[in-house]
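Here is the structure we will look at, set down as structure tokens.
There are 2 protein chains.
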Amino acid sequence: MGLVKTEKFSDLQNQIAVYAKAFGHPARVAIIQHLFKIDTCVCGDLVAEIGLAQPTISQHLKELKNLGLIQGTIDGTKVCYCINKDNWTAMKTVITTFLDNDINNTTCC
Amino acid sequence: MGLVKTEKFSDLQNQIAVYAKAFGHPARVAIIQHLFKIDTCVCGDLVAEIGLAQPTISQHLKELKNLGLIQGTIDGTKVCYCINKDNWTAMKTVITTFLDNDINNTTCC
DNA sequence: CTTATTAATCGTAATATTGCGATATACTTA
DNA sequence: TAAGTATATCGCAATATTACGATTAATAAG
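Taken in order, these protein sequences are the chains called A and B.
Quick note on numbering: our numbering labels position 72 of the first sequence as 72, and the sequence is numbered without any gaps.
One gets our numbering by counting positions in the second sequence from 1 and adding 1000 to each.
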């Protein structure tokens, strides 16, 4: 198959999975880290920063953009990317709530 | 291709991606949530709980087990699964450190 | 207008993931 | 020993992902 049966799961479970998948590739992790490090827009140096071909980076940027985690502004022939603060915070809440379950299972077999 | 070029990225970036990928499928999210909800071992009711076939669940459990996030104890014909507390905490630290970057980019274009 | 620069899109090949039927394994119980 | 129960593994088909060369689109510079 290769086809996820999303209808078997709750909206939240699917939401968590979609967000997590965004970070499930090191190139997208590196893009996000660079955007945080620069702490402002990145205009075009992502291909040099990360060692992948330009179409590949463009594709990863598109996925992050489709999720709303980053946004791009056209500036001449360049495009400036930055973190979308609101959506990043919303994502962070969803993921951390999932991760922050308390572990009390002292009665584990 | 379809082959991630891990050598282009740092160990931390690859580590984050590997952890995130574990949560990149709603079935694995559901498994983890159920383990937290029950708050003890789950012995065999995961197939009933989640609506996928037994080999499919077994495969997802294997991936979580390989990452060390869960552990299984054989109990007769059943296998009891629970969260591996230490490894879960380690994973949580890695992911939340990544997510917890401050966003100060007021000078965004 | 022509050329250069930058990024997106198209098309495609290689690899990975998902899901499950069939089967194997291991233990329990009669 | 034989039959039942629970889980893992095998093998395969369908789909998804990754990567990049070639091309396109859009603006900038001369």
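From the three backbone atoms N, C-alpha and C, an ideal C-beta is built for every residue, glycine too.
Residue span of the beta strand (DSSP E) that contains residue i, given as start and end
i: residue 79 of chain A; result: 78-83
Cβ distance (whole Å) where residue i is taken to contact residue j below 8 Å
i: residue 1014 of chain B; j: residue 26 of chain A; result: 5 Å
i: residue 84 of chain A; j: residue 68 of chain A; result: 6 Å
i: residue 1036 of chain B; j: residue 87 of chain A; result: With 8 Å as the limit, residue 1036 of chain B and residue 87 of chain A do not qualify as a contact, their Cβ atoms being about 26 Å apart.
i: residue 1031 of chain B; j: residue 1064 of chain B; result: 7 Å
i: residue 82 of chain A; j: residue 40 of chain A; result: 7 Å
i: residue 42 of chain A; j: residue 34 of chain A; result: 6 Å
i: residue 1023 of chain B; j: residue 16 of chain A; result: 6 Å
i: residue 95 of chain A; j: residue 1099 of chain B; result: 6 Å
i: residue 1050 of chain B; j: residue 21 of chain A; result: Not confirmed; about 18 Å, so no contact.
i: residue 92 of chain A; j: residue 44 of chain A; result: About 27 Å; that fails the 8 Å criterion.
Chain-ordered chain B contacts of residue i [CB-CB under 8 Å]
i: residue 55 of chain A; result: Ordered by position in chain B, no residue passes the 8 Å Cβ test against residue 55 of chain A, which lies about 12 Å from the chain.
Range covered by the alpha helix (DSSP H) that runs through residue i
i: residue 138 of chain A; result: Here chain A comprises residues numbered 1 to 109, so residue 138 of chain A is not present and cannot be evaluated.
Beta-carbon neighbours of residue i, restricted to chain B and to distances below 7 Å
i: residue 16 of chain A; result: 1023, 1029
Per-residue contacts from residue i into chain A (C-beta, under 9 Å)
i: residue 1004 of chain B; result: 25, 26, 27
### Task
Using a Cβ-Cβ cut-off of less than 9 Å, list which residues of the segment 87-100 of chain A approach chain B; keep chain order.
For the segment 87-100 of chain A, the set of positions with a beta-carbon nearer than 9 Å to some beta-carbon of chain B reads 88, 89, 91, 92, 95, 96, 98, 99, 100 in chain order.
### Message
Suppose only complete runs of 4+ residues qualify. What are the alpha helix (DSSP H) ranges in the segment 38-101 of chain A, listed by chain order?
### Response
Counting only unbroken stretches of 4 or more residues, the alpha helix (DSSP H) elements lying wholly within the segment 38-101 of chain A are 46-49, 54-66, 85-99, in sequence order.
### Task
Please name the residues in the segment 1048-1080 of chain B whose beta-carbon is closer than 8 Å to at least one beta-carbon of chain A, in chain order.
Here the close residues are 1050, 1051, 1052, 1073, 1075, 1080.
### Message
If the cut-off is 9 Å on Cβ atoms, which residues from the segment 1018-1029 of chain B count as contacting chain A, listed in chain order?
### Response
Using a CB distance below 9 Å, the part of the segment 1018-1029 of chain B facing chain A consists of 1018, 1019, 1020, 1021, 1022, 1023, 1024, 1025, 1026, 1027, 1028, 1029, ordered along the chain.
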